[in-house]
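See structure below.
Number of protein chains: 2
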Amino acid sequence: MLTFERQELILSMLKEQQTIKMQEIVDETGASESTIRRDLKELEQSNKLKRIHGGATLFQKKLVEPTIAEKTVKNRHEKRLIAQKAAELIEEGDCLFLDAGTSTVELIPFLKGKNIVVVTNGLTNISELLEAEIETHVVGGYVKKGTRAFVGRGAIQSLEGYRFDKAIIGANGISIQDGCTTPDPEEAFIKELAIKRSSQSYVLADHTKFGEISFSKFADLNEVTIITSNQVEEDMIEQLLRNTKVEVTPA
Amino acid sequence: MLTFERQELILSMLKEQQTIKMQEIVDETGASESTIRRDLKELEQSNKLKRIHGGATLFQKKLVEPTIAEKTVKNRHEKRLIAQKAAELIEEGDCLFLDAGTSTVELIPFLKGKNIVVVTNGLTNISELLEAEIETHVVGGYVKKGTRAFVGRGAIQSLEGYRFDKAIIGANGISIQDGCTTPDPEEAFIKELAIKRSSQSYVLADHTKFGEISFSKFADLNEVTIITSNQVEEDMIEQLLRNTKVEVTPA
DNA sequence: ATGTTTTTGATTGAATATGAATGTTTTTGG
DNA sequence: CCAAAAACATTCATATTCAATCAAAAACAT
């Protein structure tokens, strides 16, 4: 069996079960443990999978959402730069949808004093928006414990009463194959709906989100403009550019 | 089972039930108690959960700081007593509407852990409700700068999707002649609508509110039960009692 | 064919994960 | 308040998995 074949086999096994044990791969491929180790090392280096003690897993299956506390510290600087880039796109008089999430919160200070109207489903956004003296509307709905986002029937119904010039959306995963994804199906639905009801949509994503795939898809890449930083690998951006609009800010 | 798989399993269990016992995890995973302890320790260190004696729970943190204005609430002690009185009336399984305002916020700590559903239009209520582990829904709408209440067309539309067992309402003025009043017409409308859609309605009012008349009326006295303290003058209460239900708590 | 490079599998000590045993702390129930 | 019970942290021995190394095998080039 060729090296390439073997590695493809490993990846296809992973797709089926999202985690695999070393022994399973050895049995399936007939290769020795040493060889498989080398394969896993290579595949990890090219971001195809993540090694874990005893085997491998899909690049973070992200079954569980990181808590707010965890998110707020991570990549804050990069997120702020991305947010600043996004802010440049907002014009006077715009009606925005601002998604719940830590990336989108960073945008708010840059909007301060602008004559715009913002609709949001994120609890934490609201006080920031008020602070920035922006006319703020919220969608209704059930408040999710973890992310403190408003979701569900009430949120959907609320959203249907609005049309947006621009929607600013956060994402947990951006991949060529699966587009924009996020862990929670309910939140994904809200994002999807907001994008549908908006003339233009922007997805904010720092470099850690690229190549990641989360559970629920909410948009194809050609539906949105991705705003990110130049910490994302060159070739990834090039690949994206084939059918996606991308704005890159230096970090 | 791999370490990674086991930890993911623990987190997904947590997501379903928000607290889990050690034994449940041991049974579910088949690993030893020692191993699970180690897992919990790791997961806690990476902010994925919070350990508690006998198991683990979701990690929660207060996000919305109370504003200065909120911290210096007038008659806080009296308001709290009134809130406590109101809490006694809430039964397991109730669906509540909780009005925006400083009186109603005081109620929330007394509801902690109760098996109820709360719908609110008050920004500051939301994080308190989450803190108290209560299923929380919000009405949509425009966010008023001063009171941080959600009002307007969106709020009205949202409210029409609910029916309540009990509505807990704040008021700025209580008078024999003009009933229950509040300064803002939009907020008054929300209060009125919530009362209409509720089987029973309670208005919380400290002694300073009696005899006051504000701009917008939202209820006649015979529509609601007033909850107050014995700091209200005797004869006022007597007058009220002719056609209003009144609950009085000693202060 | 012969030397070179690449791939492979086996071996090793190091690192990590595990379960049982121990004594300590916290909770519970009288 | 005390004592029993439950939950806990700590330690240790064992088992598993890992990274590094090396020699054999295969693929390749000349």
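Order-wise, the sequence lines are chains A and B.
1 is the number of the first residue of the first sequence in our numbering; add one for each residue after it.
1001 is the number of the first residue of the second sequence in our numbering; add one for each residue after it.
Note that beta-carbon positions come from the ideal geometry of N, C-alpha and C, so glycine has one too.
Interface flag for A:S158 against chain B is set, since a Cβ pair is found closer than 7 Å. When secondary structure is reduced to three states using DSSP, A:E247 falls in the strand class.
For A:L81, the enclosing alpha helix (DSSP H) stretches over residues R76 to L89. Cβ proximity to chain B below 9 Å picks out T136, H137, V138, V139, G140, G141, Y142, V143, K145, G146, R148, F150, G152, R153, G154, A155 and Q157 from the region 136-157 of chain A. If only uninterrupted beta strand (DSSP E) runs of at least 3 residues are considered, those enclosed by the region 1171-1196 of chain B are 1173-1175 and 1179-1182.
The beta carbons of B:G1141 and B:V1151 sit closer together than 7 Å. With contacts defined by Cβ atoms closer than 7 Å, A:D206 and A:K114 do not form a contacting pair. Per DSSP, the continuous beta strand (DSSP E) segment holding B:A1056 begins and ends at G1055 to T1057.
Look at the beta carbons and you see the region 240-250 of chain A touching the region 221-228 of chain A: at least three pairs across the two are nearer than 8 Å. Counting C-beta atoms within 10 angstroms of its own C-beta, A:R153 has fewer than 16 neighbours from the protein chains shown and is therefore classed as exposed. Taking 7 Å as the threshold, the shortest C-beta distance from B:E1028 to chain A does not fall below it. Closer than 7 Å to the CB of A:G55 there is at least one CB belonging to chain B. Interface with chain A (7 Å Cβ-Cβ cutoff): B:I1213 is excluded. Listed in chain order, the non-local C-beta contacts of A:I213 below 6 Å within the same chain comprise G173, S175, D178 and T181, local neighbours out to five positions each way being set aside. Inclusion of A:G170 and A:A149 in the CB contact set at 7 Å is not warranted, their separation being larger than that value.
Per DSSP, B:L1011 is one residue of the alpha helix (DSSP H) stretching across T1003 to Q1017. One finds nothing in chain A with a Cβ atom closer than 9 Å to the Cβ of B:I1168; even the nearest lies about 18 Å away.
For A:L9, there are no neighbours in chain B by C-beta distance under 9 Å, as the nearest C-beta there is about 20 Å away. For the region 15-47 of chain A, the residues whose beta carbon sits under 8 Å from a beta carbon of chain B are, in order, T19 and K21.
Contact of B:T1003 with chain A is assigned, a C-beta pair being separated by under 7 Å.
DSSP lists B:G1122 as the bridge partner or partners of B:A1149. B:V1105: member of the alpha helix (DSSP H) spanning T1102 to V1105, first to last residue. For A:I237, the enclosing alpha helix (DSSP H) starts and ends at E234 to L241.
By DSSP's assignment, A:A167 forms a beta bridge with A:F97 and A:S201. For A:S34, the enclosing alpha helix (DSSP H) stretches over residues E33 to Q45. Beta-bridge partners assigned by DSSP to B:H1137: A:Y142 and B:V1119. In chain order, V117 place their CB closer than 6 Å to the CB of A:E135, counting only its own chain and leaving out the 5 sequence neighbours on each side. Rounded to whole angstroms, the Cβ separation of B:I1156 and B:Y1202 is 21 Å, and the two are not in contact under 8 Å. In this structure, B:D1220 sits away from B:D1165, with a CB-CB distance that is not shorter than 7 Å.
By a beta-carbon distance limit of 8 Å, B:L1043 contacts B:L1011. Their separation comes to about 7 Å. Between the alpha carbons of A:A132 and A:L111 lies a gap of roughly 7 Å. Listed in chain order, the non-local C-beta contacts of B:M1022 below 7 Å within the same chain comprise E1033, I1036, G1054 and G1055, local neighbours out to five positions each way being set aside.
The C-beta distance from B:F1218 to B:K1191 rounds to 4 Å, short enough to meet the 8 Å contact threshold. A check of alpha carbon separations from B:T1208 across B:A1194, B:L1058, B:N1230 and B:N1222 identifies B:N1230 as the nearest. The shortest CA-to-CA distance from A:V26 to any of A:R38, A:Q18, A:K15 and A:E91 is the one to A:R38. The three-state reading of DSSP puts A:A155 in helix, counting H, G and I together.
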